[in-house]
Structures are given as structure tokens and as C-alpha cells.
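A.B. asks: The opening residue of the sequence shown carries number 2 in our numbering; numbering runs sequentially from there. What follows is a single structure, and I will ask about it in a moment.
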Amino acid sequence: MSIYARLTGVGGYLPGQPVSNHDLAARGIDTSDEWIVERTGIRFRHLAAPGETASQMAAIAAGGALDMAGVASANLDLIIVATSTPDYIFPSTACILQGALGNKGATAFDVQAVCSGFIHALAIADKFIRSGSHKKALVVGADVFSRILDWHDRGTCVLFGDGAGAVVLEASEKPGILASALHADGSLVDILSVPGQVRNGKIWGDPFLRMEGHAVFKTAVRVLASVAEECCVAAGIASGDVDWLVPHQANIRIIDATSRKMKLPHEKVVTTVARHGNTSAASVPLALNEAVRDGRIGRGQRVLLEGVGGGFTWGAVLFEF
Ligand code: ACO
Numbered sequence: 002m003s004i005y006a007r008l009t010g011v012g013g014y015l016p017g018q019p020v021s022n023h024d025l026a027a028r029g030i031d032t033s034d035e036w037i038v039e040r041t042g043i044r045f046r047h048l049a050a051p052g053e054t055a056s057q058m059a060a061i062a063a064g065g066a067l068d069m070a071g072v073a074s075a076n077l078d079l080i081i082v083a084t085s086t087p088d089y090i091f092p093s094t095a096c097i098l099q100g101a102l103g104n105k106g107a108t109a110f111d112v113q114a115v116c117s118g119f120i121h122a123l124a125i126a127d128k129f130i131r132s133g134s135h136k137k138a139l140v141v142g143a144d145v146f147s148r149i150l151d152w153h154d155r156g157t158c159v160l161f162g163d164g165a166g167a168v169v170l171e172a173s174e175k176p177g178i179l180a181s182a183l184h185a186d187g188s189l190v191d192i193l194s195v196p197g198q199v200r201n202g203k204i205w206g207d208p209f210l211r212m213e214g215h216a217v218f219k220t221a222v223r224v225l226a227s228v229a230e231e232c233c234v235a236a237g238i239a240s241g242d243v244d245w246l247v248p249h250q251a252n253i254r255i256i257d258a259t260s261r262k263m264k265l266p267h268e269k270v271v272t273t274v275a276r277h278g279n280t281s282a283a284s285v286p287l288a289l290n291e292a293v294r295d296g297r298i299g300r301g302q303r304v305l306l307e308g309v310g311g312g313f314t315w316g317a318v319l320f321e322f
């Protein structure tokens with residue numbers, strides 16, 4: 002009998018009050034609501050409070066997912082956090098989260114695949130569960146990109162926000178995750194990066210997010226459409242049989258171009274980018290959380306999640322809810 006990894010809980014957290022495009026302009030950034038909305042579809046983002054960390058946001062999102070699943074944190078045997086803005090260099094944010102949740106003994110580690118980190122973490126958790134080694138997994142995407150933005154670079158700082166999203170996966174005879182696909186192309190490291198590090202107590206290099214917007218846009222559309230197709234083929238279904246597409250929430254034009262290539266109508270695509278901008282690893286689980294909680298995504302439906310991010314990395318996970 003097959004073992005599936007079944008999604009039994011979802012959760013999400015956005016810190017503080019929404020910050021509008023007008024608010025950014027009022028804070029002295031040389032931009033406008035019109036420019037940001039037309040190019041990206043983003044209207045608001047949320048920014049973490051000065052001391053607020055990825056693990057703290059992750060704990061709140063995880064609490065929602067565990068409550069929905071009816072799973073006690075002590076019973077988790079796998080905790081994976083996808084983040085590029087960890088609390089510390091080490092230990093992992095997953096271990097810090099584990100401590101905050103009061104879990105002891107679960108396998109816990111971070112995954113670093115930037116904006117496609119949650120997709121990577123979910124696919125990894127699926128493989129752990131299907132192997133039979135683990136039974137109850139918490140998978141979180143949490144990022145505080147406001148800390149790595151150059152607020153003097155209007156081409157990037159308006160695009161991102163902070164947040165966390167989480168899911169609980171449980172071993173089940175019922176489907177479950179049906180297929181996943183993960184890829185990377187290290188020749189594209191420089192189109193999206195934070196090319197700095199801590200050396201001998203000092204910052205070495207550039208600690209801010211740098212992006213070649215046009216190259217990221219073109220690459221994202223190309224790889225998202227192809228990985229969506231790859232995942233559907235692996236599951237033996239046509240892309241038209243997908244009930245919901247929950248894509249990385251970076252830019253409405255990337256989302257529209259991908260769904261057009263997949264021939265999926267707007268009504269089947271979950272978009273939350275207007276309300277929280279690009280929250281990196283949190284973006285897909287935040288959108289999933291919203292669509293499950295408002296009843297759009299129902300049991301038995303087929304959902305395709307997909308992400309793309311620095312590396313370049315990209316991937317997709319197809320599941321039956
Ligand atoms: N407000 C006003 N004007 C701006 C802003 C801003 N925030 N940012 C840039 N501009 C100006 C530029 O200075 C430029 O002015 P100029 O013509 O006088 O030189 C003009 O707008 C056009 O700049 P472009 O960079 O050519 O603008 P473009 O239409 O390419 O849009 C954008 C930029 C939105 C970043 C686009 O390239 C894009 O969507 N790229 C994808 C990037 C993305 O989504 N990244 C998310 C992270 S990656 C990920 O998650 C995978």
C-alpha cells in the first residue's frame with residue numbers, strides 16, 4: 002500500500018500593519034503607487050518589527066497549521082524551515098523553532114533555496130514521509146527580507162515584504178502529494194543574490210539584495226511554465242486538470258504569463274501578491290493558507306504549487322488536498 006504525505010493543516014502570519022505604496026513614497030523612496038502597481042501588482046507589504054525574527058514569525062504560522070491539523074508539536078518528527086534570512090548563522094532556524102514549540106527529538110534543519118525554498122522543503126518532507134522514516138512533518142517558509150533590502154534602491158526595495166507560512170504533512174493512505182520537481186541553474190547566481198558574508202567580525206562584500214530585474218523576469222516565466230508541465234506529467238494528469246495554481250507571489254505579470262502558458266484561467270490562480278508583495282519562502286504557503294481558510298481550496302481538489310528564486314532555483318509540488 003502506498004504511503005502519501007497528506008496536507009492536514011495550514012497557517013500564516015504577516016507582521017504589523019500593511020505598508021502601502023503611498024507610505025513608501027511618503028517615507029522618501031522615489032517611487033509611486035502607479036509605477037509599482039503597473040509593473041508588479043503589489044499594493045501593500047508587511048514589515049517585521051525591529052526585533053522580530055524569522056523563527057518568531059515561523060512559530061505563529063506553525064501554531065495555526067498545527068491547530069488546524071490537530072497535531073501536538075511534541076508529536077512532530079520532522080521540522081523543516083525554508084529561509085534565506087535565518088535568525089543566526091547557526092544553529093538553524095528550524096532548531097530555534099523546535100525549541101520554541103517545545104518539541105524534542107524531531108529531525109530539524111533549514112533549507113536554503115531563496116524564494117523556492119518552501120517548495121524544496123515540501124518536496125523533501127514528502128520524500129521523508131513516503132520512505133516511511135517520518136510520519137508528521139512541519140514545513141515552514143519564513144523570511145524577513147526587509148533586513149537585506151537596500152532602501153536606497155527603488156528597483157528592489159518596493160518588491161518585498163516579511164512573513165511566514167506553514168503546513169503540516171502527515172503520513173496517510175489517502176493522497177497526498179502526487180508529484181514534485183526541483184531544479185537549479187548555478188550559472189545564474191548573479192542575477193539575484195545577496196553577495197556578502199560575515200568575516201572576522203565584519204561584513205565582507207555587499208549585504209543587500211541585488212537583482213537584474215529583466216533577467217529574473219524572463220527566467221522565472223520560462224522555468225515556471227516548464228516545471229508545472231513536468232510535475233503534471235509525473236503525476237499523469239493534464240495541466241487543465243489542476244483545480245488551483247498557487248504560484249510564488251513575486252509579481253502579477255510573472256503569475257499571469259505563467260498561467261497563460263499553462264492555459265489556466267484566472268479563476269484557478271490564487272494571487273495574494275497585492276497584499277503582501279514578495280515574501281520569498283513564505284509566499285507560497287501564505288497564499289495556500291488564505292485559499293484553504295477562505296474555502297476556495299477544498300478536499301479532493303488538485304493543487305499545483307510552484308516557486309522560483311535565487312540560485313537560480315525552481316520547483317513545483319502537485320497534491321490532492
Ligand atoms: N518606482 C519608480 N520608478 C522606478 C522604480 C520604482 N520603484 N524602480 C525602477 N524605476 C525606474 C527605473 O529607474 C527606470 O527608469 P529610467 O527608464 O529612467 O532608467 C524605469 O523605472 C524602468 O526600469 P526597469 O528596471 O526597466 O523596469 P521594468 O519594467 O523592468 O520593471 C521590475 C522592473 C518590476 C523589477 C521587473 O524587471 C520585474 O518584474 N522583474 C522581475 C523581478 C521580480 O519579480 N523579482 C522578485 C524577486 S525574484 C523572485 O522572487 C524569483
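C-beta: ideal position from N, C-alpha, C; glycine also. Every value quoted in this text rests on a predicted model; they were computed, and no experiment measured them.
Indicate whether A229 and L183 have their beta-carbon atoms separated by less than 9 Å.
C.D. replies: Counting from one through the sequence shown, the residue named residue 229 turns up at place 228. Counting from one through the sequence shown, the residue named residue 183 turns up at place 182. For A229 and L183, no; Cβs fall outside 9 Å.
A.B. asks: R44: beta carbon under 8 Å from a heavy atom of the ligand ACO?
C.D. replies: For the purposes of this step, residue 44 is taken as residue 43 along the sequence shown, with counting starting at 1. Outside the cutoff, so no.
A.B. asks: Rounded to whole angstroms, what is the Cα-Cα separation between P196 and L210?
C.D. replies: In the sequence shown, counting from the first residue as 1, residue 196 sits at position 195. In the sequence shown, counting from the first residue as 1, residue 210 sits at position 209. Rounded to the nearest angstrom, the two C-alpha atoms are 8 Å apart.
A.B. asks: Decide if I80 is buried, meaning its Cβ has at least 16 other Cβ atoms within 10 Å, or exposed.
C.D. replies: For this step, residue 80 is matched to residue 79 along the sequence shown. I80 should be labelled buried.
A.B. asks: Kindly give me the distance between the Cβ atoms of A167 and G12, rounded to whole angstroms, as I take these residues to be in contact under 8 Å.
C.D. replies: On the sequence shown, position 166 is the one that residue 167 refers to. On the sequence shown, position 11 is the one that residue 12 refers to. About 5 Å separates the two Cβ atoms, so the contact holds.
A.B. asks: Could you check whether the segment 13 to 24 touches the segment 42 to 49, counting it as contact only if at least three pairs of C-beta atoms, one from each stretch, sit closer than 8 Å?
C.D. replies: Verdict: yes, contact present.
A.B. asks: Using a Cβ-based criterion (distance less than 8 Å to any ligand heavy atom), does I255 qualify as near the ligand ACO?
C.D. replies: Within the sequence shown, residue 255 is the residue found at index 254, counting from 1. Yes - the ligand ACO has a heavy atom lying nearer than 8 Å to the Cβ of I255.
A.B. asks: Considering only their Cβ atoms, is the gap separating L170 from D127 smaller than 9 Å?
C.D. replies: On the sequence shown, position 126 is the one that residue 127 refers to. On the sequence shown, position 169 is the one that residue 170 refers to. Yes, these two residues count as a Cβ contact at 9 Å.
A.B. asks: So, does the segment 243 to 255 touch the segment 216 to 233, judging by three or more C-beta pairs under 8 Å?
C.D. replies: Touching, per the Cβ criterion.
A.B. asks: In whole angstroms, what is the alpha-carbon distance linking F322 and T9?
C.D. replies: Within the sequence shown, numbered from 1, the residue matching residue 322 stands at position 321. Within the sequence shown, numbered from 1, the residue matching residue 9 stands at position 8. Distance between the alpha carbons of F322 and T9: 8 Å.
A.B. asks: So the candidates are R303, S194, P92, V190; which of them puts its Cα closest to the Cα of D151?
C.D. replies: As a first step, residue 151 must be located in the sequence shown, where it is residue number 150. Closest by alpha carbon: S194.
A.B. asks: By a C-beta neighbour count over all protein chains shown, 10 Å radius and 16 as the cutoff for buried, is R261 buried or exposed?
C.D. replies: Counted from its first residue, the sequence shown places residue 261 at position 260. So R261 ends up on the exposed side.
A.B. asks: Could you tell me if the beta carbon of S188 falls within a distance shorter than 8 Å of some heavy atom in the ligand ACO?
C.D. replies: In the sequence shown, residue 188 corresponds to position 187, counting from 1. Answer for S188: no, Cβ out of range of the ligand ACO.
A.B. asks: May I have a chain-ordered list of the alpha helix (DSSP H) segments no shorter than 4 residues that lie completely inside the segment 55 to 104?
C.D. replies: Within the segment 55 to 104, the complete alpha helix (DSSP H) runs of at least 4 residues are 55 to 70, 94 to 102.
A.B. asks: State the Cα-Cα distance for the pair M212 and D154, rounded to the nearest angstrom.
C.D. replies: Numbered from 1 along the sequence shown, position 211 holds the residue referred to as residue 212. Numbered from 1 along the sequence shown, position 153 holds the residue referred to as residue 154. Roughly 10 Å between the two C-alpha positions.
A.B. asks: If we count the other Cβ atoms within 10 Å of its Cβ and call it buried at 16 or more, is E307 buried or exposed?
C.D. replies: For the purposes of this step, residue 307 is identified with residue 306 of the sequence shown, where counting begins at 1. It is buried - the Cβ of E307 has at least 16 other Cβ atoms within 10 Å.
A.B. asks: Does L139 come out as helix, strand or coil in the three-state DSSP assignment?
C.D. replies: For the purposes of this step, residue 139 is taken as residue 138 along the sequence shown, with counting starting at 1. Reduced to three states, the DSSP call for L139 is strand.
A.B. asks: Check whether the Cβ of N104 sits closer than 8 Å to any heavy atom of the ligand ACO, and report yes or no.
C.D. replies: Start at 1 with the first residue of the sequence shown, and residue 104 comes out as number 103. No, since every heavy atom of the ligand ACO falls outside the 8 Å radius drawn around the Cβ of N104.
A.B. asks: Alpha carbon to alpha carbon, how far is A180 from L319? Give it in angstroms, no decimals.
C.D. replies: Within the sequence shown, numbered from 1, the residue matching residue 319 stands at position 318. Within the sequence shown, numbered from 1, the residue matching residue 180 stands at position 179. Spanning the two alpha carbons is a distance of roughly 5 Å.
A.B. asks: For F146, which option in R303, Y5, D88 has the closest C-alpha, if you only look at C-alpha atoms?
C.D. replies: Sequence index remark: in the sequence shown, residue 146 carries index 145 (1-based). Residue D88 is the option with its Cα nearest to F146.
A.B. asks: Comparing alpha-carbon positions, which option in W36, V293, H121 lies nearest F313?
C.D. replies: Here residue 313 refers to the residue found at position 312 of the sequence shown. Out of W36, V293, H121, H121 has the C-alpha closest to the C-alpha of F313.
A.B. asks: With a threshold of 16 other CB atoms inside 10 Å of the CB of G103, please say whether the residue is buried or exposed.
C.D. replies: In the sequence shown, the residue the question calls residue 103 occupies position 102. Flag for G103 reads exposed.
A.B. asks: For a test of the three-state rule: what should DSSP assign to N279, helix, strand or coil?
C.D. replies: Counting from 1 along the sequence shown, the entry for residue 279 is found at position 278. It is a strand residue.
A.B. asks: Check for me: the alpha helix (DSSP H) holding D34 runs from which residue to which?
C.D. replies: The residue you call residue 34 lines up with position 33 of the sequence shown. 34 to 41 is the extent of the alpha helix (DSSP H) around D34.
A.B. asks: Kindly indicate which three-state DSSP category H153 falls into: helix, strand or coil?
C.D. replies: By one-based count along the sequence shown, residue 153 stands at place 152. Note: H153 maps to coil in three-state DSSP.
A.B. asks: Looking only at its chain, what residues have a beta carbon closer than 8 Å to the beta carbon of W245, apart from the 5 residues adjacent to it on each side?
C.D. replies: Counting from 1 along the sequence shown, the entry for residue 245 is found at position 244. Excluding residues within five positions, the ones whose Cβ falls inside 8 Å are K269, V270, V271, A292, R297, I298, Q302, R303, V304, L305.
A.B. asks: Using only the alpha-carbon positions, how far apart do D24 and G133 sit?
C.D. replies: For the purposes of this step, residue 24 is taken as the residue at position 23 of the sequence shown. For the purposes of this step, residue 133 is taken as the residue at position 132 of the sequence shown. Their backbone Cα atoms lie some 50 Å apart in a straight line.
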